[in-house]
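Line by line, the protein sequences give chains A and B.
Residue numbering for the first sequence follows full-length UniProt numbering, starting at 1 and increasing by one per position.
Residue numbering for the second sequence follows full-length UniProt numbering, starting at 1 and increasing by one per position.
All C-beta atoms, glycine included, are put in the ideal place defined by N, C-alpha and C.
Please read these numbers as outputs of a predicted model, since none were measured by experiment.
Worksheet: the structure to be examined is printed underneath.
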Amino acid sequence: MPPKSILKHSVVSTNAPPPSKPVSQRHLDVALQHANVLEQRKQVEKEVLQSIITLLDFPSSPDADPARPSASDALRFQDYMVPFQPSDYDSLIEERNISDRCGYALCPRPKRRAPSTAKKQIIETSNGVEIVDRKLLEVWCSDDCARRALYVKVQLNEEPAWMRQGGYGDKIELMVENPEEHHKALPLRLKREAPKKPVKQEEHDIADAWAARDDALADLAMERGEKPGRLSKANKDLITEKIKERVGTPQAPTPPTRTEGESHMAIEGHVPQSRDRPQQQNDEEDEDDAQDWDKHLPT
Amino acid sequence: MADSDKPRYSPSLMRMWRVYRTAKEMCMDRGYNILEEDTTITLEEFAGKFAREDGEPDRQRMPFSCEPSDEMLRKYSAPPTAKDPNPQPQIGQLWVEFNADENVGLKQLRDYMQHLSNHNFYSGIMVCIKPMTGMALRLLRGASGLDEGPKGGVEVFVEQDLLVNITKHELVPKHVLLSREEKAQLLERYRLKETQLPRIQVTDPVAKYLGLRRGQVVKIIRKSETAGRYASYRWAI
């Protein structure tokens with residue numbers, strides 16, 4: 001018989017990598033959810049940047065009229081505007097001004113020139129003469145464009161696109177003089193009918209039930225303001241449907257009740273002593289209470 | 001009077017002279033090949049070279065390119081391995097441009113990036129008069145992962161930041177960039193992981209001056225009353 005080792009027998013090699021499994025599946029899920037939210041935010045920011053780069057060279061034809069933009073330009077502009085915040089829109093105006101264009105993206109004209117190169121300009125307005133920054137004068141090509149551009153700005157959603165709940169697909173309205181053209185150009189959205197296959201009645205019912213459930217879930221997602229293919233805001237796995245108490249309480253504590261006939265005298269459960277009914281143990285002291293005040297005085 | 005003998009220069013020309021000198025010094029401190037006399041150019045020489053007739057500096061004539069020195073190439077290349085015995089240095093020709101536009105936005109930045117990639121520059125430095133617009137900065141931040149633009153990225157400085165050379169201030173200690181090899185030695189010597197080093201942000205003024213990238217380590221040499229010199233190391237994040 002070979003000598004038996006007194007050392008602990010272990011099958012785990014000491015230089016094995018530490019177990020890479022996260023502490024719990026839930027931690028991993030939470031981390032992934034937050035990472036996805038950040039990723040989505042980056043996506044939106046990139047989208048906005050790309051839109052601005054495209055809109056720098058808008059409109060597509062140099063003789064476009066801001067009052068009557070071509071339907072395709074208007075449609076693209078409206079689509080680009082959806083994830084914008086007002087501050088992004090300001091950046092767009094700033095960028096367009098730097099490349100010497102009118103701030104309104106559907107206007108091909110250069111921005112207006114101030115009468116002089118002074119920093120502050122004196123202009124006539126309806127409320128009399130005003131002194132304004134030269135920069136403010138050189139934003140738009142005309143007051144008309146300013147009105148059209150600001151009409152778009154006030155419709156933008158203040159909330160960043162990656163945090164929006166519901167109403168994400170708000171349509172931006174444009175101030176145009178040829179609305180009938182744009183309505184015609186809008187793509188009609190019809191619900192696509194799935195091609196029906198002849199199937200057995202039972203299978204059909206089951207398939208219908210599942211389809212109805214999927215439809216309902218999709219509708220709910222739309223209500224939350226999610227887009228198909230986007231990250232879901234309500235992560236099913238992270239929501240616990242059953243709420244459990246951490247410490248089990250055997251029974252609920254019951255309020256104390258007084259069985260004696262004193263309950264009408266009780267103040268928050270305490271019955272004060274009354275003159276008429278001095279308590280037994282105090283009787284002795286109560287007797288010389290009257291002379292108590294001169295007890296310790298020197299005689 | 002003594003004043004009247006000397007030629008008078010416009011304030012903007014004098015400003016530009018200082019910016020130009022600091023830019024050259026910065027490139028030299030980073031390790032590019034720069035002529036010594038460029039960093040000590042006098043105002044008269046500068047005015048002769050770059051002033052227009054009206055006394056204003058002509059920024060269009062000022063851009064320059066520079067090649068990294070051998071020492072810098074060594075510093076920026078990964079240590080050779082068996083698989084890759086001759087690693088390519090992570091640095092190359094630099095193009096420094098002084099933008100003359102009042103406001104710099106997306107358009108100018110994209111033009112500049114286009115120029116850099118057309119002429120095969122590895123990285124670029126753009127010096128502009130005023131800070132860039134927010135959207136341009138956003139493009140710059142995301143540009144490292146983008147296809148457009150040079151490999152080494154673009155750095156942007158405002159002229160005001162380059163008026164004085166901050167590394168010459170007495171309170172700014174000496175920062176020395178460590179090569180990959182030196183970094184590995186340091187970590188081995190002190191038995192550290194790089195995450196255990198103190199850190200320096202890449203947006204730190206000195207880090208921007210040296211063009212630090214994420215993951216590099218700088219040695220900071222301070223004066224010490226008791227020890228004479230005191231070295232510490234920081235990991236750029």
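Residue of the options minimising C-alpha distance to residue i
{"i": "Ile-93 (chain A)", "options": "A:Phe-84, A:Tyr-104, A:Ser-126, A:Ser-24", "result": "A:Tyr-104"}
{"i": "Tyr-122 (chain B)", "options": "B:Glu-67, B:Leu-139, B:Met-135, B:Glu-45", "result": "B:Glu-67"}
{"i": "Leu-13 (chain B)", "options": "B:Phe-50, B:Gly-31, B:Arg-30, B:Met-26", "result": "B:Phe-50"}
{"i": "Val-202 (chain B)", "options": "B:Arg-234, B:Pro-80, B:Lys-223", "result": "B:Arg-234"}
{"i": "Ser-60 (chain A)", "options": "A:Glu-173, A:Val-23, A:Arg-109", "result": "A:Arg-109"}
{"i": "Leu-139 (chain B)", "options": "A:Met-265, A:Gln-50, A:Glu-159, A:Val-82", "result": "A:Gln-50"}
{"i": "Met-135 (chain B)", "options": "A:Ala-209, A:Phe-84, A:Ala-64", "result": "A:Phe-84"}
{"i": "Gln-160 (chain B)", "options": "B:Pro-131, B:Glu-181, B:Lys-223", "result": "B:Pro-131"}
{"i": "Ile-125 (chain B)", "options": "B:Glu-225, B:Glu-45, B:Arg-30", "result": "B:Arg-30"}
{"i": "Arg-74 (chain B)", "options": "B:Asp-54, B:Met-113, B:Asn-86", "result": "B:Asn-86"}
{"i": "Asn-97 (chain A)", "options": "A:Ser-87, A:Thr-117, A:Leu-136, A:Ile-122", "result": "A:Leu-136"}
{"i": "Gly-215 (chain B)", "options": "B:Gly-153, B:Ser-224, B:Glu-194, B:Val-206", "result": "B:Glu-194"}
{"i": "Ala-100 (chain B)", "options": "B:Ser-224, B:Leu-192, B:Leu-109", "result": "B:Leu-109"}
{"i": "Met-81 (chain A)", "options": "A:Val-176, A:Ile-267, A:Ala-161, A:Ala-209", "result": "A:Ala-161"}
{"i": "Val-158 (chain B)", "options": "B:Gly-92, B:Ala-231, B:Lys-208, B:Asn-118", "result": "B:Lys-208"}
Contacts that residue i makes with chain A (C-beta to C-beta distance below 9 Å)
{"i": "Thr-133 (chain B)", "result": "Ser-91, Glu-94, Glu-95, Ile-98"}
{"i": "Gly-142 (chain B)", "result": "Lys-42, Glu-45, Lys-46, Leu-49"}
Assigned secondary structure, residue i (DSSP; H/G/I helix, E/B strand, else coil)
{"i": "Glu-181 (chain B)", "result": "helix"}
{"i": "Thr-22 (chain B)", "result": "helix"}
{"i": "Gln-85 (chain A)", "result": "coil"}
{"i": "Gln-121 (chain A)", "result": "strand"}
{"i": "Trp-17 (chain B)", "result": "helix"}
{"i": "Ala-236 (chain B)", "result": "strand"}
{"i": "Ser-10 (chain B)", "result": "coil"}
{"i": "Lys-270 (chain A)", "result": "Note that residue 270 (chain A) corresponds to His in the displayed sequence, not to Lys. Looking at His-270 (chain A) - three-state DSSP - the assignment turns out to be strand."}
{"i": "Leu-109 (chain B)", "result": "helix"}
{"i": "Arg-192 (chain A)", "result": "At Arg-192 (chain A) the pLDDT is 44, less than 50, meaning the model places this residue with poor confidence and gives no usable figure here."}
{"i": "Cys-145 (chain A)", "result": "helix"}
{"i": "Arg-74 (chain B)", "result": "helix"}
{"i": "Asn-99 (chain B)", "result": "coil"}
{"i": "Gly-31 (chain B)", "result": "coil"}
{"i": "Gly-142 (chain B)", "result": "helix"}
{"i": "Gly-153 (chain B)", "result": "coil"}
{"i": "Pro-205 (chain B)", "result": "helix"}
{"i": "Asp-286 (chain A)", "result": "Note that Asp-286 (chain A) scores a pLDDT of 49, beneath 50, so its modelled location is shaky and nothing firm can be said."}
{"i": "Gly-211 (chain B)", "result": "coil"}
{"i": "Gly-103 (chain A)", "result": "coil"}
{"i": "Glu-177 (chain A)", "result": "coil"}
{"i": "Val-104 (chain B)", "result": "coil"}
{"i": "Trp-210 (chain A)", "result": "helix"}
{"i": "Pro-187 (chain A)", "result": "Its pLDDT being 47, under 50, Pro-187 (chain A) is placed unreliably by the model, and the measurement read from it follows with that caveat. Three-state DSSP puts Pro-187 (chain A) in coil, outside helix and strand."}
{"i": "Ala-31 (chain A)", "result": "helix"}
Closer than 7 Å at the beta carbon, the chain B residues around residue i
{"i": "Leu-56 (chain A)", "result": "Leu-106, Lys-107"}
{"i": "Ile-53 (chain A)", "result": "Leu-106"}
Per-residue contacts from residue i into chain A (C-beta, under 8 Å)
{"i": "Arg-138 (chain B)", "result": "Glu-45, Leu-49"}
{"i": "Gly-153 (chain B)", "result": "Near Gly-153 (chain B) there are no residues of chain A at all, since even the closest Cβ is about 17 Å away, more than 8 Å."}
One or two residues paired with residue i in a DSSP bridge
{"i": "Leu-94 (chain B)", "result": "B:Cys-66, B:Ser-123"}
{"i": "Pro-57 (chain B)", "result": "B:Ala-51"}
{"i": "Ser-224 (chain B)", "result": "B:Gly-228"}
{"i": "Asp-133 (chain A)", "result": "A:Lys-120"}
{"i": "Cys-128 (chain B)", "result": "B:Val-158"}
{"i": "Ile-200 (chain B)", "result": "B:Ala-236"}
{"i": "Asp-90 (chain A)", "result": "DSSP output for Asp-90 (chain A) lists no bridge partner at all."}
{"i": "Asp-65 (chain A)", "result": "A:Arg-68"}
{"i": "His-204 (chain A)", "result": "According to DSSP, His-204 (chain A) bridges with nothing at all."}
{"i": "Val-176 (chain B)", "result": "B:Lys-219"}
{"i": "Gly-128 (chain A)", "result": "A:Thr-125"}
Whole-number beta carbon distance between residue j and residue i, since they are thought to touch under 8 Å
{"i": "Ile-237 (chain B)", "j": "Val-176 (chain B)", "result": "Not really, about 18 Å apart at Cβ, beyond 8 Å."}
{"i": "Leu-156 (chain A)", "j": "Tyr-89 (chain A)", "result": "6 Å"}
{"i": "Leu-137 (chain B)", "j": "Ile-53 (chain A)", "result": "Not confirmed; about 14 Å, so no contact."}
{"i": "Met-72 (chain B)", "j": "Phe-98 (chain B)", "result": "23 Å between Cβ atoms; not a contact."}
{"i": "Leu-162 (chain B)", "j": "Val-127 (chain B)", "result": "7 Å"}
{"i": "Val-30 (chain A)", "j": "Leu-238 (chain A)", "result": "6 Å"}
{"i": "Ser-69 (chain B)", "j": "Asn-33 (chain B)", "result": "5 Å"}
{"i": "Arg-113 (chain A)", "j": "Glu-138 (chain A)", "result": "7 Å"}
{"i": "Leu-186 (chain B)", "j": "Val-156 (chain B)", "result": "Not quite, the Cβ-Cβ distance comes to about 31 Å (not below 8 Å), so this is no contact."}
{"i": "residue 300 (chain A)", "j": "Gly-142 (chain B)", "result": "Past the boundaries of the shown model lies residue 300 (chain A); chain A is included only from 1 to 299, so the question cannot be answered."}
7 Å Cβ cut-off: residues of chain A touching residue i
{"i": "Asn-103 (chain B)", "result": "Ile-98"}
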